[in-house]
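Chains as they are written, first to last, in the working numbering: chain A, 1 to 200; chain Z, 1001 to 1200; chain V, 2001 to 2200; chain U, 3001 to 3200. Here a beta-carbon is modelled for each residue, glycine too, at the ideal position from N, C-alpha and C. Keep in mind that this is a model prediction, so the values were computed, not measured.
Number of protein chains: 4
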Amino acid sequence: MSVRRAQARQRRESLLDAALAVFADKGVDGASVKDIAAAAGVTPGLLYHYFPSKEGLLVTMLAERGFMPELRERLRVGHQRPAREVLVELATGFGRMLADRADLVRLFLSGAATDPRIREQLTALVAEGQHLLADYLATRVETGELRPHDTVTAAQMLLSAIVLGQVTDRVPDAAVLVELILHGLIASTSTTSQSPPARN
Amino acid sequence: MSVRRAQARQRRESLLDAALAVFADKGVDGASVKDIAAAAGVTPGLLYHYFPSKEGLLVTMLAERGFMPELRERLRVGHQRPAREVLVELATGFGRMLADRADLVRLFLSGAATDPRIREQLTALVAEGQHLLADYLATRVETGELRPHDTVTAAQMLLSAIVLGQVTDRVPDAAVLVELILHGLIASTSTTSQSPPARN
Amino acid sequence: MSVRRAQARQRRESLLDAALAVFADKGVDGASVKDIAAAAGVTPGLLYHYFPSKEGLLVTMLAERGFMPELRERLRVGHQRPAREVLVELATGFGRMLADRADLVRLFLSGAATDPRIREQLTALVAEGQHLLADYLATRVETGELRPHDTVTAAQMLLSAIVLGQVTDRVPDAAVLVELILHGLIASTSTTSQSPPARN
Amino acid sequence: MSVRRAQARQRRESLLDAALAVFADKGVDGASVKDIAAAAGVTPGLLYHYFPSKEGLLVTMLAERGFMPELRERLRVGHQRPAREVLVELATGFGRMLADRADLVRLFLSGAATDPRIREQLTALVAEGQHLLADYLATRVETGELRPHDTVTAAQMLLSAIVLGQVTDRVPDAAVLVELILHGLIASTSTTSQSPPARN
DNA sequence: CATGAATGAGATTTCATTCAT
DNA sequence: GATGAATGAAATCTCATTCAT
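Rendered as structure tokens:
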């Protein structure tokens, strides 16, 4: 009985993986149920035992294979550590994550135009990302490391540059990016002289 | 002779317009050739007199209705005017342009995932945009208004924030954005002289 | 389990039969997929479950309904029996076979002009036919019944006359044909003068 | 006025040539009017000034570009010359002609199955060819060079071998072919022993 | 659980022919 | 004569989904 369950879960996972791969590769509309089933090593009919429809498979896949979990993990940075360190780390890691999951990135891009569900997820994703990063920035403002500023917009700037850089194959250098950002964020005039903007 | 030609050109334009409208409305895959032809007041067959395929129509439409011309116009900013003024103006205008043509932005992004020709167009677009803006920044560096810096990355940051903001419906405030940017760019008081981390 | 399989095979056969009938009736281009499906009592879509395309159906049909098996059977003649008897029998039977399946002959010839796979099949068929007949002739040379000669060309002559005769509706008389052939092949010396069986 | 006429005739010829080439290349159904017009360097519309329809163009082309004239020329052999010489010459020349006009050969083959007009032409062609050759053979019978025999079937054998050889890329050697034929036709008795040209 | 045969609706594309210019 | 825009009909093929086995 438990074996059955395990097999079943396995199948489900296979299908989700296959769905991600094939959707990313051919786009949501371009991918046929047959393609996905084949990629998962099953027959089309079986897909309908695990998911109600192609649509349902897409939704579930987005929920279970989405960026959210990893994104949260990655942005749960130590709020006590200095900004430059944290931001460079984050920019690097975030960029790498996007590169690692190029599948999903492509899918989001191609799907955002067409599919309201994907669009929604993308928006939520961006919102959450900005929010988490902005929160961190706010704590650094409180410590006095950073000057008061519109942290959400600042977060947006950083993340946007990384995401779009990924998409257009013009990945910016993390250190440079952070350096540029920081010189608009650090709260002092003369402080700067104490910390000669290095570049990793 | 000329009348015929003119009418033909007209038809072609109609088809491109219809394509833009219908693609934007239903997505590339969701839009049928029949839909587009109907929107242009034409039989589906005629579409193939003017374009080789649905895909070809999409590519051509993006090329001819693309942002390039307007982008160039908009970035051909007065190189003598001060940065803050110019950048706010540009951020505002650029953002508005994208907003006005949100359809196109989405089609570009989604198409880029599928069609290499569209990806190429998009890449060229981004490159050109960054290049033009970076050039302007460089002249301001020369005048001493801005400190030496990696102008390309700076340009990318500004533009990315606007574009992605558009896509995710989180348009940043132009003034705020520029203010943030500038505080890393302005060749302010004494700091800069001490730390001239240039690249460009 | 087996029932399903059997039914599926049955369907496939139906489609092949229908293809042969309809192609023969209307020509390859004149026959629509719809026609063939209808003739098989099936919806057009199903055809693509069994065959990759109309063209693929044609190729497969020619391969599976082709002459090869029967040809081999027919040419596996008794190598011990005298030439005249064997050849007349063969010419008659071969001609009859072609006549019975005139449709197939025409499809082969016309398809060979278009599809390389069909051309290949046809070439193999011809080669095999010549080879088998030539082999038989060679054994008769060894027994001394026939004089040494280019057996392949001789085989080609006989078979060509029958095939082309079929295509152009000018089927030659088997006995006459063989008689003509033999009088160049028989190793005798003066026999010929004794039996001048003319016609015309 | 005469210039116009000349140009018009030129156009017509171009179209016929183009039709032959394109029909042969793609088959009658596979060739579109647009293809043919393009191959002739004109627009589809113009084709309808010179011919009533695609069908009409085909018929006219077959009539004006058919094998008949050349075939007749080639078979109008000197009836006084000895058989071996004439037949070898003829087999060689005929084979070469078919090779030179591979276009037409292919068209006849592919079209014979579908198009009754082409079928008809092919039949007529073969009939005429056999007739002409048979007539020659008959005169040689009268001179005593050849023994009495079914000259039509003999002619058919020779021509079939050449035609099918052409089609299946197994062109037989003209000399060998004629040698084989002759040894069934020559009215001699002991000749055979004098010239036992074997091959195999 | 799992298969894969079957369907029906619809999508893209082709094409011979006509005719205003 | 010559063009090429325009049409309408049809053809090939795809696909999500269902269901008997």
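Close beta carbons around residue i, own chain, < 6 Å, minus the five adjacent residues each side
i	result
Z:G1111	I1118
V:S2014	A2040
V:R2012	Y2050
U:S3190	The pLDDT assigned to U:S3190 is 41, lower than 50, so where the model puts this residue is not dependable; a value taken from the coordinates is nonetheless given after this. Cβ neighbours of U:S3190 beyond the five flanking positions: none.
Whole-angstrom distance between residue j and residue i, CA atom to CA atom
i	j	result
A:Y136	A:M157	15 Å
V:S2032	Z:H1049	25 Å
Z:A1134	A:T114	33 Å
V:F2108	Z:V1167	58 Å
V:D2150	V:G2078	21 Å
U:Q3121	U:E3064	12 Å
U:S3160	U:H3183	18 Å
A:L125	A:F23	19 Å
U:A3102	V:A2174	30 Å
V:R2081	V:G2144	13 Å
A:Q10	V:S2002	29 Å
U:L3062	A:L58	59 Å
A:A8	A:G45	15 Å
U:Q3194	U:R3106	Note on U:Q3194: pLDDT 40, under 50, position unreliable in the model; the coordinate value appears next. If I take the Cα positions, the gap works out to 42 Å.
U:P3116	U:R3004	36 Å
V:V2088	V:I2181	11 Å
A:G27	U:G3165	52 Å
A:A6	A:L47	17 Å
V:A2127	U:A3127	27 Å
Where the alpha helix (DSSP H) containing residue i begins and where it ends
i	result
V:R2076	Element bounds for V:R2076: n/a, residue is neither H nor E.
A:D140	Here residue 140 of chain A turns out to be Arg, not Asp, going by the sequence shown. Start and end: 116–142.
Z:E1064	1054–1064
A:L20	2–26
A:V176	174–182
U:P3044	3044–3050
V:T2092	2083–2100
Z:A1039	1033–1039
A:T151	151–167
Rounded Cβ spacing between residue i and residue j (contact assumed at less than 8 Å)
i	j	result
V:L2146	V:A2083	6 Å
Z:V1152	Z:G1095	That belief does not hold up - the Cβ atoms of Z:V1152 and Z:G1095 are roughly 20 Å apart, past 8 Å.
V:V2163	V:L2098	7 Å
Z:T1123	A:D169	7 Å
V:D2029	U:D3029	3 Å
Other residues of its chain near residue i: CB distance less than 7 Å, five sequence neighbours each side excluded
i	result
V:T2043	A2037
Z:A1155	Q1130, L1133, A1134, L1137
V:S2188	Below a pLDDT of 50, predicted positions are generally treated as unreliable, and V:S2188, at 45, falls in that range; no measurement from the model is reported.
Other residues of its chain near residue i: CB distance less than 8 Å, five sequence neighbours each side excluded
i	result
Z:R986	With chain Z covering 1001 to 1200 only, the question about residue 986 of chain Z has no answer from this structure.
U:L3104	L3020, A3024, R3065, G3066, F3067
Z:T1060	L1016, F1051
**Q.** At least three beta-carbon pairs within less than 8 Å, the stretch 3042–3062 of chain U to the stretch 3004–3024 of chain U
**A.** Output reads yes: the stretch 3004–3024 of chain U touches the stretch 3042–3062 of chain U.
Q) When the Cβ atoms of the stretch 29–46 of chain A are set against those of the stretch 59–76 of chain A, are three or more pairs found closer than 8 Å? A) Contact fails between the stretch 29–46 of chain A and the stretch 59–76 of chain A, because fewer than three Cβ pairs, one in each stretch, are under 8 Å apart.
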